[in-house]
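Remarks on the structure that follows.
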Amino acid sequence: MVDFPAPRTAPLRGGPVLRWGVLAPGRIALSWASAVAEHTDQRIVAIASRDLARAQELAAKVGAPKAYDSYAAMLADPEVDAVYVASTNELHREHALLVIAAGKHVLIEKPMGCSAEEAREIAAAARAAGVFAMEAMWTRFLPQTDVLLQLVERGDLGELAVVEAEFCAPFDRERSARVFAPTIGGGALLDIGVYPISFGRFLLGPADSHLVTGTVTEPGVDARTVVVGEYASGARHVAVTALDAAMSQGARVVGTKASVEFRGQFFVAGGFDLVTPEGRFAYADPNGIRGHVGLCYQATAVAAHVAAGRTEAPERPLAESIAVLEIIDEARRRIGAIAPGA
């Protein structure tokens, strides 16, 4: 048996509560709002869309009392404390700045921006306004991630040697046309590569250097990329991402004493296996949360940090979101992919 540490994540119930608005009711907004409404004490009070019918539809599904046909109207509502920006990648900067200008706290769907420069602009605006801002890198707020970090911290894995994480999926060009449009925030790196790149940094911190290789397809979109972070300790972080490959979304953390293997998708709620010379030991989410329902954890984290007077999350500070986008910017440059806005 292994004595797994207790996660240090914010409780789903019984903690501070924010009144949330949701900006742009797409598919990820439905997943996030449904998970938050069902599994936490957070209050979703308003949905805003340029199409009132879409706002009303999501509001009905998650029990939000208000639906707005303009973002400005929702942002003027004094009963909205914080806003989840769930628009498509190329609109994250614009919409995050609108929320910040209205004096609301903001949770921005990943990636925080389409470039490091966009993320820096958001961070600067939030700091000037004194509001809380965070990228919705929800994997960092899952209990399994915190427990893994504690295992590393207390030496259960020994010295880390290799962290491998991959997010590959067979996107359909017709149904997912935006993903294949690099100038509006498409490409594998921005859309899904942010997960494996961030995962290695959770555990190993910033790399000393990076190796990058990749494939660019028409019209200049990064389709497949491998980023290898090199560390002075000899450790390596391998992040693999592809938007035209078979589904493969696992992760392994290999140390000198033990290793961790994720069952299925490493970035969603569930658990992992700790593999030691004594055997394989399973860790499972203590709340029974599975899959994308784990999106709810970041909402309670934001509420806890706001209640504590913080304007950033120590688990995912704005500088870390910027640093990941700097890696993505450089990776795109090296493989010759078209940058957003080009």
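Per our numbering, residue 21 is the first one in the sequence shown, and the count goes up by one each step.
For each residue, glycine too, the CB sits at the ideal point set by N, CA and C.
**Item:** Where Cys-316 falls: helix, strand or coil (DSSP)
**Value:** Within the sequence shown, the letter at position 296 stands for residue 316. Cys-316: helix per DSSP, three-state reduction.
**Request:** For the beta strand (DSSP E) containing Pro-190, list its first residue and its last residue.
**Result:** What you label residue 190 is simply residue 170 of the sequence shown in a count that begins at 1. Run containing Pro-190: 180–190, per the beta strand (DSSP E) assignment.
**Request:** Within the same chain, show all residues whose beta-carbon is closer than 6 Å to that of Ala-116, passing over the 5 residues directly before and after it, in chain order.
**Result:** The sequence position of residue 116 within the sequence shown is 96, counting from 1. Correct list, in chain order: Val-105, Val-126, Ile-128 and Ile-142.
**Request:** Leaving out five residues on either side along the sequence, give the residues of the same chain with a beta carbon under 6 Å from the beta carbon of Ala-136.
**Result:** Taking the sequence shown and counting its residues from 1, one reaches residue 136 at position 116. Cβ neighbours of Ala-136 beyond the five flanking positions: Ile-342, Leu-345, Glu-346 and Asp-349.
**Request:** Kindly indicate the opening and closing residues of the beta strand (DSSP E) around Ile-67.
**Result:** What you label residue 67 is simply residue 47 of the sequence shown in a count that begins at 1. Bounds of the beta strand (DSSP E) holding Ile-67 are 63–68.
**Asked** If we call anything under 8 Å between Cβ atoms a contact, is Leu-223 one with Val-183?
**Response** To locate residue 223, count along the sequence shown from 1; it is residue 203. To locate residue 183, count along the sequence shown from 1; it is residue 163. Yes, Cβ-Cβ distance for Leu-223 and Val-183 is below 8 Å.
**Request:** In angstroms with no decimal places, state the Cα-to-Cα distance between Thr-60 and Ala-87.
**Result:** As a working note, residue 60 is residue 40 in the sequence shown. As a working note, residue 87 is residue 67 in the sequence shown. Approximately 21 Å, taken between the alpha carbons.
**Request:** Would you mind reading off the limits of the beta strand (DSSP E) that contains Glu-238?
**Result:** For the purposes of this step, residue 238 is taken as residue 218 along the sequence shown, with counting starting at 1. No beta strand (DSSP E) contains Glu-238, which DSSP labels as neither H nor E.
**Message:** Could you tell me the alpha carbon to alpha carbon distance between Trp-40 and Cys-316, rounded to whole angstroms?
**Reply:** Along the sequence shown, read from residue 1 onward, the residue named residue 40 stands at position 20. Along the sequence shown, read from residue 1 onward, the residue named residue 316 stands at position 296. Roughly 12 Å separates the two Cα atoms.
**Prompt:** On the three-state DSSP scale, how would you describe Met-132?
**Reply:** The residue given as residue 132 occupies position 112 in the sequence shown. If DSSP states are grouped into helix, strand and coil, Met-132 belongs with coil.
**Asked** Cα separation between Ala-351 and Val-288?
**Response** The residue you call residue 351 lines up with position 331 of the sequence shown. The residue you call residue 288 lines up with position 268 of the sequence shown. If I take the Cα positions, the gap works out to 25 Å.
**Item:** beta strand (DSSP E) segment containing Thr-261, residue limits
**Value:** Residue numbering aside, residue 261 sits at position 241 when the sequence shown is read from its first letter. Counting along the chain, the unbroken beta strand (DSSP E) around Thr-261 starts and ends at 256–262.
**Message:** Run through the DSSP bridge pairs and tell me what Glu-250 is partnered with.
**Reply:** In the sequence shown, the residue the question calls residue 250 occupies position 230. Partner(s): Ser-229 and Arg-256.
**Message:** Does the contact criterion of 3 or more C-beta pairs under 8 Å hold for the segment 304–320 versus the segment 249–268?
**Reply:** Segments in contact, no.
**Identity of the residue in Gly-234, Thr-331 and Gln-269 nearest Ile-355 by Cα** = Your numbering for residue 355 matches position 335 in the sequence shown. Minimum Cα distance to Ile-355 is reached at Gly-234.
**Request:** Helix, strand or coil for Ser-279, going by three-state DSSP, please let me know.
**Result:** Position 259 of the sequence shown holds residue 279. Three-state result, Ser-279: strand.
**Asked** How many Å lie between Pro-297 and Ser-229 at the Cα?
**Response** Position 277 of the sequence shown holds residue 297. Position 209 of the sequence shown holds residue 229. Each residue's Cα considered, the two are about 32 Å apart.
**Request:** Report yes or no: do three or more beta-carbon pairs, one from the segment 208–218 and one from the segment 238–258, lie closer than 8 Å?
**Result:** At 8 Å Cβ cutoff, the stretches touch.
**Asked** Would you report the Cα separation of Ala-359 and Tyr-91, rounded to the nearest angstrom?
**Response** Translated into the one-based positions of the sequence shown, residue 359 becomes position 339. Translated into the one-based positions of the sequence shown, residue 91 becomes position 71. So the alpha carbons of these two residues sit roughly 28 Å apart.
**Message:** Among the candidates Ala-148, Asp-211 and Ala-201, whose CA atom is the shortest distance from the CA of Ala-156?
**Reply:** The residue you call residue 156 lines up with position 136 of the sequence shown. Out of Ala-148, Asp-211 and Ala-201, Asp-211 has the C-alpha closest to the C-alpha of Ala-156.
**Request:** Verify whether the separation of the beta carbon atoms of Cys-188 and Ser-268 is less than 8 Å.
**Result:** Stepping through the sequence shown from its first residue, residue 188 is reached at position 168. Stepping through the sequence shown from its first residue, residue 268 is reached at position 248. In contact: Cys-188 and Ser-268 (Cβ atoms closer than 8 Å).
**Prompt:** To the nearest angstrom, how far is it from the Cα of Asp-264 to the Cα of Ala-327?
**Reply:** As a position in the sequence shown, residue 264 is number 244, starting the count at 1. As a position in the sequence shown, residue 327 is number 307, starting the count at 1. Each residue's Cα considered, the two are about 43 Å apart.
**Asked** What are the partner residues of His-125, as DSSP defines its beta bridges?
**Response** Position 105 of the sequence shown, counted from the start, is the residue given in the question as residue 125. For His-125, which the question treats as bridged, DSSP gives the partners Ala-102.
**Asked** Is the CB-CB distance between Ile-120 and Ala-153 below 8 Å?
**Response** Translated into the one-based positions of the sequence shown, residue 120 becomes position 100. Translated into the one-based positions of the sequence shown, residue 153 becomes position 133. In this structure, Ala-153 lies closer than 8 Å to Ile-120 by Cβ.
**Message:** So, at 7 Å on beta carbons, what are the nonlocal neighbours of Glu-110 in its own chain, with the 5 sequence-adjacent residues on each side left out?
**Reply:** Against the sequence shown, residue 110 aligns to sequence position 90. Residues Cys-134, Ile-204, Gly-205 and Pro-360 of the same chain have their beta carbon placed closer than 7 Å to that of Glu-110, with the five preceding and five following residues left out of the count.
**Asked** Do the segment 167–174 and the segment 74–83 meet, that is, are 3 or more Cβ pairs less than 8 Å apart?
**Response** Output reads no: the segment 74–83 does not touch the segment 167–174.
**Cut-off 6 Å between Cβ atoms - residues of its own chain near Lys-130, not counting five sequence neighbours on either side** = The residue labelled residue 130 in the question sits at position 110 within the sequence shown. Hits under 6 Å: Glu-155, Ala-156, Met-157 and Val-214.
**Reduced DSSP secondary structure (H/G/I, E/B, other) of Arg-74** = Numbered from its first residue, the sequence shown carries residue 74 at position 54. Looking at Arg-74 - three-state DSSP - the assignment turns out to be helix.
**Message:** Looking at the secondary structure, which residues open and close the beta strand (DSSP E) in which Gly-299 lies?
**Reply:** Translated into positions along the sequence shown, residue 299 becomes position 279. Start and end: 299–304.
**Request:** Kindly indicate which residue of Thr-320, Ser-107 and Ile-67 has the alpha-carbon position closest to the one of Asp-89.
**Result:** In the sequence shown, the residue the question calls residue 89 occupies position 69. For the residues Thr-320, Ser-107 and Ile-67, the minimum Cα distance to Asp-89 belongs to Ile-67.
**Asked** On the three-state DSSP scale, how would you describe Met-94?
**Response** Taking the first residue of the sequence shown as 1, we reach residue 94 at position 74. Here DSSP, grouped into helix, strand and coil, assigns Met-94 to helix.
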